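Student: In this note's numbering, the protein residues as written are 10 to 353. Yeah, the Cβ is synthetic: ideal placement off N, Cα and C, and Gly gets one too. None of the values given here were measured: they were computed from a predicted structure.
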Amino acid sequence: MTAERPVVKPRLPSIPDYRSGYIDLRLQEFLDSLGIAQWPIDCVKLLSGMRDSDKYRIRIGYAGEEVSDGLDAATNYVQRLGMYQIVLSRSKIRYPYRKSSDRRLNFTIAHEIGHIVLEHLLVPNHCKTKEEIRMEDLEADEFAARLLMPQKLLYSFNYYSVNAVASFLNVSNTALRMRLIHLDATHLIRARKVKSCIRCGNTRFSEFAQYCGVCGQSTAQGCRGIRRIYYPDEYPIDSFKRALVCPKCHRDIRHGTGDRCPFCGTCIFNFCSGFFDPGGSVCSCANPGYARYCEVCGRPTYYQEINCLKDWQDCYTIGMAPDAEHRDANYIMNGKFMKGRKQE
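(1) Taking Cβ positions, are C276 and Y325 nearer each other than 8 angstroms?
(2) Within the continuous alpha helix (DSSP H) that includes A149, where are the two ends?
(3) Starting from A82, trace the alpha helix (DSSP H) in both directions and tell me its first and last residue.
(4) What is the DSSP secondary structure of I277, reduced to helix, strand or coil?
(5) Where do the N-terminal and C-terminal ends of the beta strand (DSSP E) with Y93 fall, by residue?
(6) For A330, I'd like the list of residues in its chain whose CB is within less than 8 angstroms of its CB, leaving aside the five on either flank, ordered along the chain.
(7) Do you know how far the Cα of F285 is from the Cα of I118?
(8) Decide if R213 is buried, meaning its Cβ has at least 16 other Cβ atoms within 10 Å, or exposed.
(9) Residues bridged to G70 by DSSP?
(10) For L80 versus I69, is the C-beta distance shorter than 8 angstroms?
(11) Just the Cα atoms here: how many angstroms apart are L114 and E243?
(12) Alpha carbon to alpha carbon, how far is C224 from I341? Give it in angstroms, no decimals.
(13) Can you list, in chain order, the residues of its chain whose CB lies under 7 angstroms from that of S23, leaving out five sequence neighbours each side?
(14) Out of K250, D320 and L163, point me to the one whose CA is closest to Y240's CA.
(15) Given a threshold of 16 other Cβ atoms within 10 Å of its Cβ, counted over all protein chains shown, does A200 qualify as buried or as exposed?
(16) Along the alpha helix (DSSP H) that carries L192, what are the first and last residues, could you check?
(17) Identify whether A252 lies in helix, strand or coil by the three-state DSSP scheme.
(18) DSSP has I238 in a bridge; who is on the other side?
(19) Give me whichever residues DSSP pairs with A295 in a beta bridge.
(20) So what does F166 bridge to, in DSSP terms?
(21) Do you know how far the Cα of A184 is from the Cα of Y168?
(22) Pick out whichever of P309, V305, C294 and F39 has its Cα sitting closest to the Cα of L156.
(23) Quick check on the burial criterion: 16 or more other C-beta atoms within 10 angstroms. Buried or exposed for P256?
(24) Could you tell me the alpha carbon to alpha carbon distance between K202 and D146, rounded to whole angstroms?
(25) Output yes or no for whether 8 angstroms exceeds the beta carbon distance between S262 and G231.
(26) Are Y299 and G210 touching if we call contact CB-CB under 8 angstroms?
(27) Express the C-alpha separation of C303 and D268 in angstroms, rounding to a whole number.
(28) Hey, out of V171, Y86, Y104 and Y71, whose CA is closest to S98's CA?
(29) Quick one: measure Cβ to Cβ for A149 and G123, integer angstroms, because I've assumed they're closer than 8 angstroms.
(30) How about the region 85 to 99 and the region 126 to 138: do they share at least three Cβ pairs that are nearer than 8 angstroms?
(31) Please state whether DSSP places I246 in a helix, a strand or coil.
(32) Between the Cα of M59 and those of I95, S293 and C292, spot the shortest distance and give me the residue it belongs to.
(33) Which of the three DSSP states, helix, strand or coil, is assigned to Y106?
(34) With distance defined between alpha-carbon atoms, name the residue in I198, Y164 and R236 nearest to Q322.
(35) So what's G261 in DSSP terms, helix, strand or just coil?
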């Protein structure tokens, strides 16, 4: 395995604490207003959603090469129209993202969104000093970094490689490295790795597990997942794997006897569904309370079959598939219809 390059911490420009707090406030308001609660974020789709929403009046266009002054994107607020105009350099649009340099577009768009959300554009540039303009660019960069790479999320990865984590987050390798440096968290790259599912990030495996209990992925495919997620038992169980609360009627059954809920008759063990299938191969594995799939044979568990467990995707969102829709990117590339952003 190729060794990671050592990270040298450069001297970073700082944003005043009161402005940093303002960025956090506006970012949270932005996330709440659009219902954003899952990562990674695809800013091509995000910008399209903002354009179509009632809250943001945005027009998107493109330029053949550089937008202006060597910039990859530029945004202006047109006061007479009450509208933001975003122009992207067509030569920089490579979507869907396939490599690190392609993913720079995601940060570029997030930077422009930052200028809008932080209300930088309501005052024209000619009314500002060079230092004020420079500080606004720093704030837009910080907004983009916090939007795409939340600090808490960065601590949930196995850093087998910077590129793998950056790819998940839809950012360039450079953007991720700079974010870790800024947070003084470069130690994460060298931190001990935790066994996790390559599909769902589950970190809970029994000694005999041949399949992931959360998503059903075969452990033979490897357990070097990028994400590290602890999926809790949705129903408490005892040391014999008996449910203490009925998964169906939710009544306390800790003092009950037998293998069925005395109130509704639901089985209190999260058996492999094959245990109840007389026509199939019998697997009698009693699985943990979080298991959607049998750790021995990979079939759905009893709790999963009777719809008592939440979808694991609620805790984890996988990256875009190669055949994902490109409608939003095509709109930008062929749009009918300015602060700027250089690629990092």
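Tutor: Reading off the structure:
(1) Stepping through the sequence shown from its first residue, residue 276 is reached at position 267. Stepping through the sequence shown from its first residue, residue 325 is reached at position 316. Their beta carbons are not under 8 angstroms apart, which means C276 does not touch Y325 by this criterion.
(2) For the purposes of this step, residue 149 is identified with residue 140 of the sequence shown, where counting begins at 1. K139 to L157 is the extent of the alpha helix (DSSP H) around A149.
(3) The residue labelled residue 82 in the question sits at position 73 within the sequence shown. Note, A82: premise wrong, no alpha helix (DSSP H); beta strand (DSSP E) at A82 to V87.
(4) Here the question's residue 277 lines up with position 268 in the sequence shown. Correct three-state label for I277: coil.
(5) By 1-based counting over the sequence shown, the position of residue 93 is 84. From DSSP, the beta strand (DSSP E) with Y93 extends over M92 to S98.
(6) Reading the sequence shown from its first residue, position 321 is the one you call residue 330. Unreliable placement is indicated for A330, whose pLDDT of 28 sits below 50; the coordinate value is still reported in the next sentence. Same-chain partners within the cutoff: there are none.
(7) Here the question's residue 118 lines up with position 109 in the sequence shown. Here the question's residue 285 lines up with position 276 in the sequence shown. So the alpha carbons of these two residues sit roughly 52 angstroms apart.
(8) Position 204 of the sequence shown, counted from the first residue, corresponds to residue 213. Answer is buried; the Cβ neighbour count reaches 16.
(9) For this step, residue 70 is matched to residue 61 along the sequence shown. DSSP lists V96 as partners of G70.
(10) For this step, residue 80 is matched to residue 71 along the sequence shown. For this step, residue 69 is matched to residue 60 along the sequence shown. Cβ atoms of L80 and I69: not closer than 8 angstroms.
(11) For the purposes of this step, residue 114 is taken as residue 105 along the sequence shown, with counting starting at 1. For the purposes of this step, residue 243 is taken as residue 234 along the sequence shown, with counting starting at 1. Going by the C-alpha atoms only, they are around 39 angstroms apart.
(12) In the sequence shown, residue 341 corresponds to position 332, counting from 1. In the sequence shown, residue 224 corresponds to position 215, counting from 1. Confidence in I341 is poor, its pLDDT being 44 and thus under 50, which makes the residue's placement too unreliable to answer from.
(13) Here residue 23 refers to the residue found at position 14 of the sequence shown. Around S23: no qualifying Cβ.
(14) Your numbering for residue 240 matches position 231 in the sequence shown. Nearest option by C-alpha distance: D320.
(15) Locating residue 200 in the sequence shown gives position 191, where the first residue counts as 1. Label assigned to A200: exposed.
(16) Locating residue 192 in the sequence shown gives position 183, counting from the first residue. Unbroken run through L192: none, as it is neither H nor E.
(17) Stepping through the sequence shown from its first residue, residue 252 is reached at position 243. Residue state, collapsed to three classes: strand.
(18) Position 229 of the sequence shown, counted from the first residue, corresponds to residue 238. I238 is bridged to N211.
(19) For the purposes of this step, residue 295 is identified with residue 286 of the sequence shown, where counting begins at 1. Answer is F280, bridged to A295.
(20) Here residue 166 corresponds to residue number 157 of the sequence shown, with the count starting at 1. R236, per the DSSP bridge assignment.
(21) Residue mapping note: residue 168 aligns to position 159 of the sequence shown, counting from 1. Residue mapping note: residue 184 aligns to position 175 of the sequence shown, counting from 1. Taking the straight line from one Cα to the other gives about 15 angstroms.
(22) Numbered from 1 along the sequence shown, position 147 holds the residue referred to as residue 156. Nearest option by C-alpha distance: F39.
(23) Working through the sequence shown from its first residue, we reach residue 256 at position 247. Classification of P256: buried, given that the 10 Å Cβ count is 16 or more.
(24) Within the sequence shown, numbered from 1, the residue matching residue 202 stands at position 193. Within the sequence shown, numbered from 1, the residue matching residue 146 stands at position 137. So the alpha carbons of these two residues sit roughly 36 angstroms apart.
(25) Mapped onto the sequence shown, residue 262 falls at position 253. Mapped onto the sequence shown, residue 231 falls at position 222. As written in the sequence, residue 262 is Ile, which differs from the Ser given in the question. Not closer than 8 angstroms, so no.
(26) Taking the sequence shown and counting its residues from 1, the one referred to as residue 299 is at position 290. Taking the sequence shown and counting its residues from 1, the one referred to as residue 210 is at position 201. No; because the gap between Cβ atoms is not below 8 angstroms, this pair is not in contact.
(27) Against the sequence shown, residue 268 aligns to sequence position 259. Against the sequence shown, residue 303 aligns to sequence position 294. Those two C-alpha atoms are separated by around 19 angstroms.
(28) Counting from 1 along the sequence shown, the entry for residue 98 is found at position 89. Here the closest residue by C-alpha is Y71.
(29) Within the sequence shown, numbered from 1, the residue matching residue 149 stands at position 140. Within the sequence shown, numbered from 1, the residue matching residue 123 stands at position 114. 4 angstroms between Cβ atoms; contact.
(30) yes
(31) Counted from its first residue, the sequence shown places residue 246 at position 237. Strand at I246.
(32) Stepping through the sequence shown from its first residue, residue 59 is reached at position 50. Checked all of I95, S293 and C292; the closest Cα to M59 is I95.
(33) On the sequence shown, position 97 is the one that residue 106 refers to. Here Y106 sits in coil by DSSP.
(34) On the sequence shown, residue 322 is found 313 positions in, with the first residue counted as 1. Nearest C-alpha to Q322: R236.
(35) For the purposes of this step, residue 261 is taken as residue 252 along the sequence shown, with counting starting at 1. Note on identity: in this sequence residue 261 is Asp, with Gly being the wrong assignment. It is a strand residue.
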